[in-house]
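What follows is a short report on a single structure.
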Amino acid sequence: MEKMWAGRFQKALDKKADDFNSSIRFDCRMYAQDIKGSMAHAAMLAKQGILTDADAERIIDGLEGILNDLNSGALAFDMAAEDIHMFVEAELTKRIGDAGKKLHTARSRNDQVALDIRLYLRDEAEKIVALVKELVAVVTDKAEENAEVIAPAYTHLQRAQPIAFGHQLLAYAMMLLRDIGRIEDAVKRMNYSPLGSCALAGTTYPTDRAFVAEKLGFDGVTKNSIDGVSDRDFCVELTSAFAILMMHLSRFSEEIILWSSWEFKFIDLDDSYTTGSSIMPQKKNPDMAELVRGKTGRVYGDLMALLTALKGLPLAYNKDMQEDKEAIFDALDTVVMCLEVFTPMIATMKVNADVTYKAAQKGFINATDLADYLTKKGMPFRAAYKIVGTIVAECIEKGYVLDNYPLAEYQKHSELFTEDMYDEISLETCVNKRNSEGGASPSSVRAQVQWVREVLRNEL
Ligand code: ARG
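Numbering-wise (numbering that gives the first Met the number 0), the sequence shown opens with residue 0 and increments by one.
Have a look at this one:
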């Protein structure tokens, strides 16, 4: 296929160089955005008297036909085309003749591609936000279901303090809400039209950039034509928001993997989100969670690829920038894939309340509460902390837990210990009384659930 720019050249591009240079195999996914951008551009050219109304009408009708045919599959992409922009323009000219050749007036592929990516990412980001919201809703429902379930919480992966299990689940809902905020924030900053920046210096034609921007749903136009074609910050920002989101999913996955192990058995994953082993008949493996954890590395890689591709680039457009697409597309696809499996995996998992309760009974998880008991009776916290530490050591040595260690033994350490202490350090009391704002009690869990639901409602 002859290049549109063939005029200046004596020889055709080498075949391997041509394949190397071509981006249609991945930028074809922006066809709808490319065509809609071109329609708005043609309408603007006519409004400004740069094109005749008749030509603009032919162009817009032609583009509409191409869009429909691509949507229906009646038209296939020509993989010999250099990129999606060249393909659409060539197809248009094939269909409507000379008028098609006028579309690229007062425009360059440099501002065209910058426009297309913004439009594409805006649509995709919206889909991802919807998926994250769905996950937040599912996590919140699970948390509510498990508001009364007592479980140990950990530091250093050592049993630390008892909590309502729903409280830990809600920690993830909070992270995910921030992820939504980050994505929406990046979209807000991205939502300015670069079209009309042309190759890099604007144009001598009397264009109306604001008209195009408005038609395409932007909040305005970019203010510097060099920046308009060179800026890919929005790709970096979005990918970094995705990387953080994946980091959260990965931490969550790690817990799912631990919790579903025989060592914990806090949860059972549904059969439809686990796999078996080819050799060990007993195995039920948490592959989905492991893959989400694994794919997190991919998205970090995409972010690094983008940052690195951009770091040495002089202004304005350089072909290196074509590399932005595969990185951001891969990040997008990975995030979508992960969310589509992760959400139902969480929705269908079962929490084993008896197991989490038993785990909370071990590990002297109520030692802080015992120290607090003495402190509330007037002993300075540090002194109480020391006494409880000594008692824990005694219990370990003699095979007791705090809950069944005789009162007489306690009283050897302090006469502040009285019978009511056993009640104070029962798991139920420890959890139920953690009512400080954002604390681990069932009532705090329910308050958080209401808060998250309200945030979701207001944003939707
Ligand atoms: N396929 C190119 C890209 O993705 C389009 C822009 C080409 N511009 C140019 N001056 N060669 O970046």
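Glycine residues also receive a C-beta, built at the ideal position from the N, C-alpha and C atoms.
Non-local beta-carbon contacts of G36 in its own chain, meaning distances under 7 Å to residues more than five positions away in sequence, involve Q111, L114, D115, L118, L194, L215 in chain order. As DSSP reads the structure, P161 sits in a beta bridge with P151.
If you ignore the 5 residues before and after L415, its C-beta comes within less than 7 Å of the C-beta of L373, K376, M378, all in its own chain and listed in chain order. For the 9 Å CB-CB criterion, Y191 and T238 do not form a contact. Runs of alpha helix (DSSP H) with 4 or more residues, each lying fully within the stretch 341 to 404, are found at 352 to 360, 366 to 375, 380 to 397, listed in chain order. C-alpha of L455 to C-alpha of H247: approximately 19 Å in a straight line.
The Cβ atoms of F25 and K310 do not sit closer than 9 Å to each other. If you draw a straight line from the Cα of E396 to the Cα of I345, it is about 41 Å long.
Short of 6 Å from the beta carbon of D368, and not among the five residues preceding or following it, lie these beta carbons of its own chain, in chain order: I424, C429. For E56 and A80, the gap between their C-alpha atoms comes out near 25 Å. Distance from the Cα of L102 is smallest, within the candidate group Q9, C197, K14, N145, for C197.
By a beta-carbon distance limit of 8 Å, T355 contacts A150. Their separation comes to about 4 Å. Only residues of its own chain outside the window of five on either side were considered, and among them L257 have a CB closer than 7 Å to the CB of F263, listed in chain order. Looking only at G362, D218, T206, L314, the smallest Cα-Cα distance to D226 is reached by L314. Between G64 and the set L44, L331, T92, F217, the nearest pair of CA atoms involves T92. The beta carbons of L268 and P280 sit no closer together than 9 Å. Its chain contains A308, L312 as the residues whose beta carbon lies nearer than 7 Å to that of D319, once the 5 sequence neighbours on both sides are disregarded; these appear in chain order. In the three-state scheme derived from DSSP, where H, G and I count as helix and E and B as strand, I34 is classed as helix. With distances taken between CA atoms, I58 lies nearest to A45 out of A45, V298, N70. Counting the other CB atoms within 10 Å of its CB gives R108 a total of 16 or more, which places it among the buried residues. The stretch 174 to 183 and the stretch 131 to 140 touch, with no fewer than 3 CB-CB distances between them shorter than 8 Å. Nearest in C-alpha terms to I179, of all of I127, E236, L406, is I127. The criterion of a C-beta distance shorter than 9 Å is not satisfied by F76 and L66.
If you look at C234, you'll find it in the alpha helix (DSSP H) that goes 232 to 258. The beta carbon of D82 sits closer than 6 Å to the beta carbons of S22, I23, D26 from its chain, once the five residues preceding and following it are set aside; these are given in chain order. S442 sits exposed, since fewer than 16 C-beta atoms from the chains shown fall within 10 Å of its C-beta.
The Cβ atoms of R188 and D232 sit closer than 9 Å to each other. Where I424 is concerned, there is no enclosing alpha helix (DSSP H), because DSSP gives it neither an H nor an E. By the Cβ test, the stretch 323 to 342 is in contact with the stretch 296 to 306, since at least three Cβ pairs between them sit closer than 8 Å. A Cβ-Cβ contact shorter than 9 Å links L401 with A366.
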